[in-house]
Amino acid sequence: MDEFSMEFPDLGNLKKIKIGHDNAGLGGAWYLEKVEVINSANQKRWNFSHYRWIGKKDDDGRLEHEIYADEADDGGGGGGGGDKKNSGAPKGDHDGKKNSKKDLKYFE
32 MDEFSMEFPD LGNLKKIKIG HDNAGLGGAW YLEKVEVINS ANQKRWNFSH YRWIGKKDDD
92 GRLEHEIYAD EADDGGGGGG GGDKKNSGAP KGDHDGKKNS KKDLKYFE
């Protein structure tokens, strides 16, 4: 599992995120389980469950997915319950997925 940590200015109340990759490398697809965003100022959390492959030859073939925040017990998320369409363990032969380039970008 890859884990990334980034710092941003206060993003306000998050409802959705857009995440993707450039499909580089042998078998560029990768499986995204979830994204967690934590506001370090007030410890408010948003979870974005996905449980899907992102890649040209996988799932829906798109390299970018929009994901809505899960409902949150602590009031931190809200906004539409993540994407559990293809929930479960990753499927398929994706040995090359570790070669795909994962850049994190922030857009205002």
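Using the working numbering, read the sequence shown as starting at 32 and increasing by one per residue. The C-beta atom is built at its ideal place from N, Cα and C for all residues, glycine as well.
Pick from Y62, L42, K49, V68: whose alpha carbon is nearest that of I85?
The shortest Cα separation from I85 among Y62, L42, K49, V68 belongs to Y62.
Determine the extent of the beta strand (DSSP E) in which R76 is found, giving its start and end residues.
76 to 85 is the span of the beta strand (DSSP E), which, as asked, contains R76.
Given this structure, state the Cα-to-Cα distance separating G59 from M37, to the nearest angstrom.
Answer to the nearest angstrom: the Cα atoms are 23 Å apart.
Helix, strand or coil for G51? Go by DSSP, reduced to three states.
It is a strand residue.
Only counting the same chain, and skipping five residues up and downstream in sequence, which positions put a Cβ closer than 6 Å to that of D89?
Contacts found: A60.
Could you tell me the distance, in whole angstroms, from the CA atom of S80 to the CA atom of E97?
Cα to Cα, the separation comes out at about 11 Å.
Is D91 buried or exposed, if buried means 16 or more other CB atoms sit within 10 Å of its CB?
So D91 counts as exposed.
Can you give me the Cβ contacts of G51 inside the same chain, cut-off strictly under 7 Å, excluding the 5 residues immediately before and after it?
Answer for G51: I85, L94, E95, H96, listed in chain order.
Can you look up E95 in the DSSP assignment and give me helix, strand or coil?
Three-state DSSP puts E95 in a strand.
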